[in-house]
Structures are given as C-alpha cells and as structure tokens.
Amino acid sequence: MGRSPCCEKAHTNKGAWTKEEDDRLIAYIKAHGEGCWRSLPKAAGLLRCGKSCRLRWINYLRPDLKRGNFTQHEDDLIIKLHSLLGNRWSLIAGRLPGRTDNEIKNYWNTHIKRKLLSRGIDPTTHRPITDVSSSAKPVATTISFASNSALEDQEDRKKPIINNFSPPKDEGFLDLNLDLRISPPPYPTAVTMKNEGRNSLCFFCSLGFENSKNCSCGNGKIIASSDSNGNGYDFLGLKSCVLDCRSLEIK
DNA sequence: AATCAAGGCAACCGCATTTAG
DNA sequence: ACTAAATGCGGTTGCCTTGAT
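Set out below in structure tokens:
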C-alpha cells in the first residue's frame with residue numbers, strides 16, 4: 096500500500112534552512128560530490144530529508160547558479176520554450192544556464208503570466224485571449240507537448256497521433272503540435288526555405304539556439320536535415336525517429 | 001503607527017520515472 | 001522479468017516582505 100517515506104519524518108527538520116545547515120551540506124558535497132541523497136543527510140550530520148537536501152543544493156547552493164533578475168532575452172526565451180514545451184520546467188531550465196526549474200516556474204507564475212495576460216495573450220495556449228475560434232475545437236495546431244488536454248474526446252486521447260506534420264510557416268512555431276509523434280516531422284532545410292523565399296530565422300535560431308548545429312537559416316551553422324545515414328534530423332537535440340522530449344536536457 | 005492585502009519565493013508533497021538488486 | 005528503492009519533477013503551500021490604506 097503505497098511507498099514507505101523517504102526518511103524518518105519524526106527526526107527531520109522542516110522549513111527554512113539555516114546557515115549552519117547550508118554550510119554542512121556544501122562542505123559535504125564539496126568533499127564527496129553529489130548523489131546518494133538518501134544517505135547524505137546522515138553522513139553530513141544533517142537532520143533533513145534527502146529530498147530536501149537535494150532541493151536545497153540544486154536550487155540555491157550550487158556554485159554555478161546565476162542569481163538576480165531575468166534578462167529580457169531570458170524572458171523571451173522562456174516564453175518561446177513554454178509555448179513549445181508547456182510546463183516542462185526542467186527542460187526549459189536546461190536551456191537557461193544558471194537557472195533552476197523552480198526559479199523559472201516561480202518567475203513564470205509571478206511575472207510572465209501577468210505580462211502575457213496584460214498583452215491579451217493566454218499564458219497557457221499562447222494565443223490571443225479574444226481568439227474564440229481557436230479554442231472552440233481541438234485543432235491539431237495546439238501546443239500540448241505535455242498532455243492530451245487539447246483533445247476533448249476521451250476516445251481521441253487513446254489514439255496516437257500519426258498524421259503528418261505540417262512544417263511551420265514563417266515563425267508560427269506556436270502552431271506546432273508535438274503530441275505523440277510516431278515519426279519526426281519533416282523539418283524545412285535552409286534550401287527549402289530559400290526556395291520558398293523565406294529568409295526568416297529558422298526554428299532553432301528563433302528559440303535562441305543560434306549556435307545549434309541544427310540551424311538551417313544561415314544565422315547559425317547550416318546543416319543537413321538528416322545525418323549521413325539518412326536517419327531523422329536532430330530535433331532539438333533528438334536524433335531519433337521517436338520523439339522523446341527528455342533528450343532536450345543538457346547533460 | 002497599525003493593519004491588511006498582495007506579491008514573491010523557498011520549501012514541501014505526492015506522483016512518475018528510473019535504477020538496482 | 002519483477003519489485004522495491006531512489007531520484008526527479010511539477011503543483012501547491014505557507015511564510016516573509018512590501019505597499020496601500
């Protein structure tokens with residue numbers, strides 16, 4: 096029946112961390128490295144749950160964290176990534192060096208949401224709030240990477256989406272549907288974009304990945320849309336025929 | 001100066017996923 | 001292959017700070 100607690104709650108501190116606890120945790124991780132969070136509190140002499148130690152380290156004590164206000168560029172990047180990934184905070188954080196998922200999540204909920212609402216944009220769908228027609232029915236243009244909530248019909252939720260991908264026109268990436276693709280969508284190369292008379296930023300550059308080897312607009316590096324073996328292109332760091340968003344993480 | 005409300009953020013909780021035995 | 005433990009993640013809560021009255 097359920098799982099056993101990760102630690103003995105009766106003997107663990109809760110609430111805000113003290114300076115002394117922080118120092119102990121930092122000293123222990125400096126000496127032994129990260130990992131084995133369950134046994135860490137005891138070994139470090141902390142009366143804390145392992146999960147609590149991990150959270151404290153990842154969100155506040157890590158030396159590579161960037162504290163302070165978000166820049167405009169970071170704002171824009173978060174909005175773009177959220178439109179693509181939804182509430183996948185860890186994936187979004189992976190594209191913002193020095194920022195944590197918790198920090199970005201809080202920032203989204205307290206600042207960006209309000210900013211978008213004030214601009215008349217729905218922070219969930221990234222569409223204009225007045226655009227009733229788009230929300231009236233579940234069209235295949237809804238961004239719903241994380242869930243099938245855009246599919247109103249329960250039966251539809253059980254079906255994998257296998258229809259072909261329509262490549263984004265201009266910068267309409269908000270119209271991507273990334274739900275449960277069986278095969279990778281055909282990504283427009285620099286050549287096809289040129290043939291179409293499109294000189295706008297490619298998908299990756301638009302997301303702020305100018306240095307991505309996947310850049311196909313000339314703003315970054317031009318690459319072929321498939322590898323030498325003719326396999327699928329590297330979609331956001333995913334070289335596969337199965338779309339697994341976890342590969343977006345920066346290891 | 002005191003009180004209240006809203007905003008902001010750190011931390012916790014519970015579920016999902018991954019890993020190890 | 002199966003199961004339990006460990007870890008990771010996203011949602012939520014609660015406390016502290018700040019600004020308005």
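Residue numbers (this note's numbering): 96 to 346.
The beta carbon of each residue, even a glycine, is placed where N, CA and C say it ideally should be.
Proximity to E129 across D217, I153, T220 and L176 peaks at I153, based on C-alpha coordinates. Unbroken alpha helix (DSSP H) runs of no fewer than 4 residues, entirely contained in the region 142-172, are found at 145-151, following chain order. Exposed is the label assigned to C131, since fewer than 16 other Cβ atoms lie within 10 Å of its Cβ.
Looking at the DSSP output, P136 sits in no beta bridge, so it has no partner there. Distance from the Cα of I174 is smallest, within the candidate group A122, L160, K161 and R190, for R190.
In the DSSP assignment, R194 falls outside any alpha helix (DSSP H) and carries neither an H nor an E.
Collapsing the DSSP output to three states places I124 in a helix. If you compare the alpha carbons of I187, L180 and H168 with that of T220, the shortest gap goes to L180. With respect to the 7 Å criterion, P158 and G145 are not classified as neighbours on the basis of their beta carbons. Of L172, E198 and S178, the smallest CA-CA separation from P223 is found for S178.
With a threshold of 16 other beta carbon atoms within 10 Å, A188 meets it and is buried. In the structure shown, I224 adopts coil according to DSSP, grouped into three states. For the pair L142 and T107, the CB atoms are nearer than the 7 Å cut-off.
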